[in-house]
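Scroll down for the structure; my scribbles are underneath it.
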Amino acid sequence: MIKKIFFQSIFFSFLFFKEAFAAESGGMPQLNPEFWISQIFWLVLTFGIMYVVLSKFILPKISNNLESRKSQILENIEAAEKQREDSEAKLKEYDEIILKSKMEAKTIFNQTREKTLKDIGVKKEVLDQQIDDEINKAEKEIEVLRVSAPDKINKIAIETSSELLEKLIGSGVNSSSISAIVDDLSRRNGDKYYGN
Amino acid sequence: MAANPMSQFDVYRIGPEIKVGAFDISFTNASLFMIISTVSILLVFNLGSKRNSVLPNKMQLLAELSYTFVAKMISDTAGSKAKPYFAFIFSLFMFVLFCNMFGMIPYTFTVTSHIIVTFILAAFIFIGVTVIGFIKHGFGYLKLFVPSGVPAVLLPLIVVIEIISYLSRPISLSVRLFANMMAGHTMMKVFGGFVISLGLVGGWLPLSFSVALTGLEILVAFLQAYVFAILTCIYLNDALNLHH
């Protein structure tokens, strides 16, 4: 308010002391009314023409440009939003597919493992059976051999002793008596050799 | 001529004297710079609105930034009702801005440093705003002078003050612009004169002052155009949306 009054007082003092200023060399050219009418005329003319051209031709165009840009940007944003949603849905789908295939792979793996384990078990059983059979057979053979071994030894001993006696004595010896002796010996020593 | 800092404000005739009746409407240097300013404005904004590309070029950007700047200024101060007056305030702001800025070029004439020019603009705004106010609100517009919530005893005084303040609007509006432009240009001229008179030895100090003042004056040129336009918006706001 004070500033306003200050400016106004300056303005009025300029008006009132115009003659005094004009008397000085030059003074304020602004207060020389010689060209006031001319300035008003040209101001109204230029400003008026500028206002008409701006308001009728140029400003609507600028506003139009701005509007069209705005709408285009909005459209683009909408399109981008839509595409984003699409891609999100696709991503979800993809995730689901991945999850599903993972589960599938897991079940297939489990199934295969169980099957394999079962197969292995079966094969193992079969093999065990075979091995047991073989072992049994071998044991039986061993048993047979063990049972038949003393007889064979006795037989060999009888033959060898009869041949030895024939060489030593020169005449055949009754083989039945020799076998009786060998039997007797082998029965006595059998405990030592076989631990029976 | 160069010695007198006021001689830069001299108005002189260019070409013959033109008289219509008793009135002298000769073409002067003031008229020349009004025409230069308006033609520049029309050129800049015509170039800026010619093509409509989504990615604006420099001219388009300039035009559109000015448009949105003024549009925002109006909607912030006077609301959406002031939209029909956008073109006028835009023209006003651009005219004052370009006249101020052209005045910053050495050896040019500053149109807005003349009280008669700023006063005609301000008077037109004052009369226009008053007419708009009476059209919008009828005699209810006189309520502007009666602020609400004032004690009845103080009311006669307040009303008188309000009326004086309202009537002084065109004067304050015009003198503000004129005085700022004139003072700034005079000061620059004075400092420029010091550079010459102090010579090669002492002239550097006023020269550096002059450089700084040029920056300041460019700021003032913009600021005064802005203030002129925004005060117009505020007066328009009073006329459109009666708050008191």
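Chain order of the listed sequences is A and B.
Mind the numbering: the first sequence is residues 0 to 195 in numbering that gives the first Met the number 0, read in order.
Mind the numbering: the second sequence is residues 0 to 243 in numbering that gives the first Met the number 0, read in order.
Note that beta-carbon positions come from the ideal geometry of N, C-alpha and C, so glycine has one too.
C-alpha gap between residue i and residue j, whole angstroms
| i | j | result |
| --- | --- | --- |
| F190(B) | L218(B) | 18 Å |
| V159(B) | A178(B) | 27 Å |
| I39(A) | L143(B) | 31 Å |
| Q128(A) | T115(A) | 20 Å |
| E60(A) | K49(B) | Looking at the sequence provided, one finds Lys at residue 60(A) rather than Glu. Distance between the alpha carbons of K60(A) and K49(B): 8 Å. |
| G47(A) | F133(B) | 24 Å |
| K101(A) | D118(A) | 25 Å |
| F20(A) | M27(A) | In this predicted model, F20(A) has a pLDDT of only 42, less than 50, meaning its place in the structure is not dependable; the value taken from the coordinates is given anyway. Roughly 7 Å between the two C-alpha positions. |
| I13(B) | F125(B) | 32 Å |
| E124(A) | E133(A) | 14 Å |
| M187(B) | A79(A) | 56 Å |
| K81(A) | A88(A) | 11 Å |
| R112(A) | V146(A) | 50 Å |
| S24(A) | P4(B) | Because S24(A) carries a pLDDT of 49, less than 50, the predicted location of this residue cannot be relied on, and the following value inherits that uncertainty. About 12 Å. |
| V174(B) | N28(B) | 21 Å |
| P15(B) | F26(B) | 8 Å |
| A122(B) | Y140(B) | 19 Å |
| V181(A) | V121(A) | 54 Å |
| S74(B) | V210(B) | 37 Å |
| S196(B) | F208(B) | 15 Å |
| S164(B) | M72(B) | 24 Å |
| K139(A) | D150(A) | 17 Å |
| S147(B) | Y84(B) | 28 Å |
Reference residue i, options the options, closest by Cα
| i | options | result |
| --- | --- | --- |
| F221(B) | I35(B), G102(B), V53(B) | G102(B) |
| F8(B) | F32(B), V19(B), G14(B), A21(B) | F32(B) |
| S175(A) | A156(A), R187(A), I168(A), A78(A) | A156(A) |
| Y50(A) | L54(B), F44(B), S52(B), L197(B) | F44(B) |
| S161(A) | F108(A), A179(A), P149(A) | A179(A) |
| E66(A) | N51(B), A29(B), F123(B), G183(B) | N51(B) |
| K82(B) | K139(A), T159(A), S62(A) | S62(A) |
| K69(A) | P55(B), G78(B), W203(B) | P55(B) |
| S6(B) | N99(B), T37(B), Y106(B) | Y106(B) |
| G183(B) | S164(B), L197(B), G20(B), N99(B) | N99(B) |
Min CB distance residue i to chain A below 7 Å
| i | result |
| --- | --- |
| D237(B) | no |
| A228(B) | no |
| Y66(B) | yes |
| M0(B) | Reliability of the predicted coordinates at M0(B) is poor, the pLDDT of 41 falling under 50, and no value is obtained from them. |
| D75(B) | no |
| A224(B) | no |
| E63(B) | yes |
| A211(B) | no |
| S25(B) | yes |
| I13(B) | no |
| A29(B) | yes |
| I124(B) | no |
| V10(B) | yes |
Beta-carbon proximity check, residue i vs residue j, cutoff 7 Å
| i | j | result |
| --- | --- | --- |
| N128(B) | L215(B) | It is Val, not Asn, that sits at residue 128(B) in the sequence shown. Contact flag unset, no. |
| L176(B) | T213(B) | no |
| I24(B) | I17(B) | yes |
| I162(B) | A238(B) | no |
| I88(B) | A224(B) | no |
| K39(B) | F97(B) | It should be pointed out that residue 39(B) corresponds to Ser in this sequence rather than to Lys. In contact: S39(B) and F97(B) (Cβ atoms closer than 7 Å). |
| I114(B) | Q29(A) | yes |
| C232(B) | T111(B) | no |
| F56(A) | V10(B) | no |
| V69(B) | F92(B) | yes |
| V43(A) | L41(B) | no |
| S90(B) | W41(A) | no |
| S185(A) | N153(A) | yes |
| L172(B) | L241(B) | no |
| A86(B) | S54(A) | yes |
| G78(B) | Q59(B) | no |
| T37(B) | T45(A) | yes |
| G202(B) | V194(B) | yes |
Test: residue i CB closer than 7 Å to a CB of chain B
| i | result |
| --- | --- |
| K69(A) | no |
| L73(A) | no |
| I76(A) | no |
| P51(A) | Note that residue 51(A) is Val in the sequence shown, not Pro. So no, V51(A) is outside the interface. |
| N109(A) | no |
| L98(A) | no |
| K81(A) | no |
| K60(A) | yes |
| L65(A) | yes |
| T106(A) | no |
| L90(A) | no |
| S86(A) | no |
field: Cβ-based contacts, 9 Å cut-off: residues of the stretch 33-55 of chain B near chain A
entry: Cβ contacts with chain A: M33, I34, S36, T37, V38, I40, L41, F44, N45, G47, S48, K49, R50, N51, S52, V53, P55.
message: At a CB distance below 9 Å, what residues from the stretch 102-113 of chain B approach chain A? Give them in sequence order.
response: Listed by position, the residues of the stretch 102-113 of chain B near chain A (Cβ gap below 9 Å) are V110, S112, H113.
query: What residues in the stretch 152-176 of chain B bring their beta carbon closer than 8 Å to a beta carbon of chain A?
result: Hits within the stretch, in order: S164, S167, I170, S171, V174, R175.
Positions along the stretch 26-42 of chain A whose CB lies within less than 9 Å of some CB in chain B: For the stretch 26-42 of chain A, residues whose beta-carbon sits nearer than 9 Å to a beta-carbon of chain B comprise G26, M27, P28, Q29, L30, N31, P32, E33, F34, W35, I36, S37, Q38, I39, F40, W41, L42.
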